[in-house]
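Numbering-wise (this note's numbering), the sequence shown opens with residue 10 and increments by one. Beneath this line is the structure, given in structure tokens, with notes to follow.
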Amino acid sequence: MLVVPPNSIAKKPIGVTILQQPLVLFRPADGSIAALEDRCAHRHAPLSRGRICDEPLECPYHGWRYGADGFVTAIPAFPAGCPIPDNLWVKSYHCREQDGYVWVCFADRPASEFPWQFPYLGDRGWTNFHMKTRFRAAVETCMENFLDCPHATYVHRFWFRSPTAKPVKAVVRSLPDGAVAEYFREPRKKSLIWWLLTRKESKMQHTDRFIAPATTRVDYIFDDGRHYIITSSCTPINETETEVYTVMTFKVEMGWLVRLFFEPLSRFIIHQDVKILDLQQANVNRFGKAPYKFIPADLLAPYIVKWRQAIKMGTEPPAPGAEHWVDIRL
Ligand code: FES
Ligand SMILES: [Fe+2]
Numbered sequence: 010m011l012v013v014p015p016n017s018i019a020k021k022p023i024g025v026t027i028l029q030q031p032l033v034l035f036r037p038a039d040g041s042i043a044a045l046e047d048r049c050a051h052r053h054a055p056l057s058r059g060r061i062c063d064e065p066l067e068c069p070y071h072g073w074r075y076g077a078d079g080f081v082t083a084i085p086a087f088p089a090g091c092p093i094p095d096n097l098w099v100k101s102y103h104c105r106e107q108d109g110y111v112w113v114c115f116a117d118r119p120a121s122e123f124p125w126q127f128p129y130l131g132d133r134g135w136t137n138f139h140m141k142t143r144f145r146a147a148v149e150t151c152m153e154n155f156l157d158c159p160h161a162t163y164v165h166r167f168w169f170r171s172p173t174a175k176p177v178k179a180v181v182r183s184l185p186d187g188a189v190a191e192y193f194r195e196p197r198k199k200s201l202i203w204w205l206l207t208r209k210e211s212k213m214q215h216t217d218r219f220i221a222p223a224t225t226r227v228d229y230i231f232d233d234g235r236h237y238i239i240t241s242s243c244t245p246i247n248e249t250e251t252e253v254y255t256v257m258t259f260k261v262e263m264g265w266l267v268r269l270f271f272e273p274l275s276r277f278i279i280h281q282d283v284k285i286l287d288l289q290q291a292n293v294n295r296f297g298k299a300p301y302k303f304i305p306a307d308l309l310a311p312y313i314v315k316w317r318q319a320i321k322m323g324t325e326p327p328a329p330g331a332e333h334w335v336d337i338r339l
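The structure is reproduced here in structure tokens:
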């Protein structure tokens with residue numbers, strides 16, 4: 010399942026690219042969502058440049074009309090009453106709108122009826138905001154970055170973390186849909202964001218979770234009831250570009266006030282990641298692709314790689330129930 014832009018499909022079709030595949034998304038009159046290949050069967054004009062009509066999508070070139078199932082429903086140049094040949098169609102995709110996002114499935118049949126659900130969206134006591142960020146990096150690279158603590162002490166020094174060299178224990182567990190890492194007694198010193206968002210004496214529980222194939226979820230739970238969740242869903246545009254939809258959901262008193270500084274700060278921090286992944290990708294381009302080195306502190310990266318490889322090859326992903334402990338310093 011892949012997630013694509015929210016809320017923008019009102020009166021006009023929109024064009025998006027996922028996995029190098031141009032798609033047109035549009036809303037038929039019944040208010041549902043449809044996704045077709047963005048190429049008219051006639052002379053291959055982009056359907057995303059057409060318009061919504063009763064039938065419900067019209068090509069901008071000769072006005073052929075398409076139904077949500079991709080079949081041509083009307084051809085203006087045909088004499089009245091002339092039947093439409095049934096070989097005139099474009100590929101259609103399963104899609105579903107949920108939580109203000111549109112999810113498109115490239116498989117013939119979706120693995121589940123409902124896509125991934127962003128946690129606590131709209132729930133009482135919870136505040137949220139959304140970010141859309143384009144990374145010049147592969148999905149795997151983005152997900153590793155979102156779930157990687159050691160980089161934060163360098164890339165986000167002072168803003169989010171600072172290196173303290175404190176020993177921290179972490180446990181990594183494989184799950185039926187990915188893997189999760191939990192950290193114990195990690196430092197929160199010299200961090201602007203934790204200084205602003207938490208009480209000094211509160212205790213923190215932190216988990217980083219990879220949810221196959223392309224979602225990450227980070228939870229910070231405090232014993233005073235505060236809870237911050239960062240969920241990122243990654244849409245691969247091509248092999249080295251990813252659109253990331255991040256939902257920040259948090260439970261804290263006066264969430265609207267917290268959001269006023271939390272949102273710009275989060276955008277600033279995510280752009281630090283954009284910059285470092287840009288540098289990384291530029292260097293991969295300079296040298297060519299070669300295997301990375303992995304160390305035990307790269308807690309979830311091996312799971313991300315193995316899972317995505319298994320999905321690609323149709324083989325078994327890592328079995329759930331495994332657990333290992335790692336000593337790291339943060
Ligand atoms: S190219 Fe679309 S109708 Fe001719
Ligand atoms: Fe980061």
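A virtual CB, placed ideally from N, CA and C, is assigned to each residue, including glycine.
Heavy atom of ligand 2 less than 6 Å from the Cβ of residue i, yes or no?
| i | result |
| --- | --- |
| D282 | yes |
If contacts are defined as beta-carbon pairs under 8 Å, then residue i and residue j qualify, I think. What distance do you get, rounded to the angstrom?
| i | j | result |
| --- | --- | --- |
| M140 | I279 | 6 Å |
| T240 | V256 | 5 Å |
| K199 | F167 | 6 Å |
| T244 | Q290 | So it is not a contact: roughly 17 Å between Cβ atoms. |
| Y312 | G187 | 6 Å |
| R145 | L274 | Contact flag wrong, Cβ pair sits at about 23 Å. |
| V261 | R295 | Between R295 and V261 the Cβ distance is about 44 Å, and since that is not below 8 Å, they are no contact. |
Let me check you understand the geometry: is the CB of residue i closer than 6 Å to at least one non-hydrogen atom of ligand 1?
| i | result |
| --- | --- |
| W98 | no |
| C68 | yes |
| C340 | Outside the modelled stretch of the chain, which goes from 10 to 339, sits residue 340, for which no answer is possible. |
| H215 | no |
| H139 | no |
| R52 | yes |
| H333 | no |
| H103 | no |
| C91 | no |
| C62 | no |
| W73 | yes |
| C49 | yes |
Alpha carbon to alpha carbon, how far is residue j from residue i? Give it in angstroms, no decimals.
| i | j | result |
| --- | --- | --- |
| G134 | G40 | 30 Å |
| R36 | P65 | 8 Å |
| I246 | V164 | 25 Å |
| P172 | A116 | 44 Å |
| I84 | E67 | 10 Å |
| R208 | I238 | 17 Å |
| V25 | P305 | 38 Å |
| I27 | W316 | 20 Å |
| P15 | W265 | Caution is warranted here: a pLDDT of 48 is assigned to P15, below 50, making its placement in the model unreliable, and the coordinate value is therefore given only provisionally. One C-alpha to the other measures close to 22 Å. |
| M10 | A319 | Note that M10 scores 48 on pLDDT, short of 50, meaning its location in the model is unreliable; the coordinates nonetheless yield the value given after this. Distance between the alpha carbons of M10 and A319: 16 Å. |
| R143 | C91 | 47 Å |
| F277 | R60 | 37 Å |
| V227 | H71 | 49 Å |
| A43 | F193 | 46 Å |
With a Cβ-Cβ cutoff of 7 Å, do residue i and residue j count as a contact?
| i | j | result |
| --- | --- | --- |
| Y129 | T258 | yes |
| L309 | A190 | yes |
| L34 | D47 | no |
| P196 | K175 | yes |
| A54 | P69 | yes |
| I202 | F169 | yes |
| F138 | R338 | no |
| P327 | P185 | no |
With a threshold of 7 Å between beta-carbons, can residue i be considered close to chain D, or not?
| i | result |
| --- | --- |
| C62 | This model lacks chain D altogether; it includes just one protein chain. |
**Message:** So, does the segment 95-102 touch the segment 65-83, judging by three or more C-beta pairs under 8 Å?
**Reply:** Yes: the two stretches touch, three or more of their Cβ pairs being nearer than 8 Å.
**Prompt:** Is it a yes or a no for the segment 101-119 touching the segment 205-222, going by three-plus beta-carbon pairs under 8 Å?
**Reply:** Touching, no, given that fewer than three Cβ pairs across the two stretches are closer than 8 Å.
**Request:** Take every Cβ of the segment 177-184, pair it with every Cβ of the segment 327-334, and state whether three or more of those distances are shorter than 8 Å.
**Result:** yes
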